[in-house]
């Protein structure tokens with residue numbers, strides 16, 4: 330995917346999302362960032378052919394809770410792909426490291442033990458400006474990239 334502008338994709342080279350159902354889990358922590366990422370993902374899924382009725386969004390308090398909610402969505406066995414959206418900003422303590430590792434390990438587990446692909450859209454930045462730049466700012470919107478990845482993974486999962 331693009332590293333200078335996270336919002337760029339070529340629609341002609343992507344599967345149509347009209348046959349797929351998507352779950353999106355959004356952390357409410359750092360909501361000025363995560364809500365922008367969420368909108369970017371939804372706009373992209375719609376642009377690629379999904380209907381609003383095929384996209385379910387679930388909000389959780391923080392990034393650690395993303396894994397629990399994604400697990401519950403996977404267990405429903407109705408989604409073709411799930412996107413988790415969060416934003417963890419480095420602080421002065423080791424909390425950042427523990428949260429990032431917990432979420433990453435959880436998504437890795439889900440992707441190796443469940444049948445539904447889980448797309449990682451969790452920003453792990455050093456400061457708020459980096460997150461704003463990646464959630465609709467000068468670097469585009471990582472949520473757009475997550476939407477593209479979700480469609481591609483749904484297609485891959487269909488063809489397994």
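Residue numbers (this note's numbering): 330 to 489. C-beta: ideal position from N, C-alpha, C; glycine also. It should be emphasised that the depicted structure is a prediction, and the values quoted were computed from it without experimental measurement.
Between residue 455 and the set 442, 440 and 418, the nearest pair of CA atoms involves 418. Residue 452: member of the beta strand (DSSP E) spanning 447-454, first to last residue. Straight across, the Cα-Cα distance linking residue 375 with residue 453 is about 26 Å. Residue environment analysis places residue 348 among the exposed positions, since fewer than 16 neighbouring C-beta atoms fall within 10 angstroms of its C-beta. DSSP places residue 359 outside both helix and strand once states are collapsed to three, so it counts as coil. Under the three-state reduction of DSSP output, residue 470 falls in the strand class.
Runs of alpha helix (DSSP H) with 4 or more residues, each lying fully within the segment 369-407, are found at 393-405, listed in chain order.
In this structure, residue 436 lies near residue 449, with their beta-carbon atoms less than 8 Å apart.
Comparing alpha carbon positions, the residue from 337, 344, 338 and 336 closest to residue 488 is 344. Distance from the Cα of residue 442 is smallest, within the candidate group 404, 361 and 379, for 404. By the 16-neighbour rule on beta-carbons within 10 angstroms, residue 457 is exposed.
The alpha-carbon of residue 356 is positioned some 15 Å away from that of residue 371. Taken through DSSP and simplified to helix, strand or coil, residue 410 comes out as strand.
Look at residue 415 here: in three-state DSSP terms it is strand. Collapsing the DSSP output to three states places residue 460 in a helix.
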